[in-house]
């Protein structure tokens with residue numbers, strides 16, 4: 001029996017929203033071109049390349065922004081290494097002059113925080129493009145499935161499929177959005193797409209808020 005490939009993977013995300021499952025599904029299945037208005041910080045554009053909205057086989061082009069959060073973590077760690085000698089020095093000075101030490105430490109923290117915010121901002125404004133083909137639309141199950149066929153993701157993944165399903169909560173208030181990403185990396189050097197967790201979570205929340213304002 002063949003061993004499972006380490007290049008294959010699945011990533012699942014669940015986001016609780018206040019809008020109904022039907023309305024959330026309708027946004028993706030019938031009017032995804034409204035999503036940039038609902039979550040402009042992440043989705044910059046959504047255009048129909050071929051076919052019809054909500055029809056299997058149709059092709060959609062997404063313009064979005066996505067940061068390299070792993071890179072940001074490295075920057076933060078490098079920043080710690082850079083200011084560590086200064087912090088150590090001020091910690092030693094604390095014995096003789098607590099007030100001076102507090103002021104200098106505070107200055108270091110503010111500078112470091114500015115460096116972190118700058119790098120996060122730069123990472124999150126990286127423009128990306130994805131051309132997807134719709135593979136499944138199930139209105140009874142509020143399920144929408146699409147496969148990436150062109151764009152930035154295909155540079156790192158041989159296969160990349162997203163399934164979005166919204167399910168009503170048992171108490172009858174709101175719903176749960178379940179994202180399933182099935183992928184195959186082109187090599188071991190490519191990272192697993194965990195950085196998409198924040199993007200998809202914030203997208204879901206933005207769409208939810210937009211739907212609630214329409215009620």
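Numbering (full-length UniProt numbering), first residue to last: 1 to 215. Note that the Cβ used here is the ideal one computed from N, Cα and C, for glycine as well.
Separation of the CB atoms of residue 129 and residue 63 is rounded to 6 Å, and the pair is thereby assigned contact status at 8 Å. Short of 7 Å from the beta carbon of residue 50, and not among the five residues preceding or following it, lie these beta carbons of its own chain, in chain order: 58, 59. Considering only 192, 132, 175, the residue with the shortest C-alpha distance to residue 163 is 132. In this structure, residue 24 keeps its C-beta atom at 7 Å or more from the C-beta atom of residue 191. Listed in chain order, the non-local C-beta contacts of residue 29 below 6 Å within the same chain comprise 54, 137, 144, local neighbours out to five positions each way being set aside. Counting along the chain, the unbroken beta strand (DSSP E) around residue 175 starts and ends at 175-185. Around the C-beta of residue 193, 16 or more other C-beta atoms lie within 10 Å, and the residue is accordingly described as buried.
Per DSSP, the beta-bridge partners of residue 159 are 184.
Residue 177 sits close to residue 204, with the two beta carbons spaced by under 7 Å. Between the C-alpha atoms of residue 182 and residue 201 there is a straight-line separation of about 17 Å.
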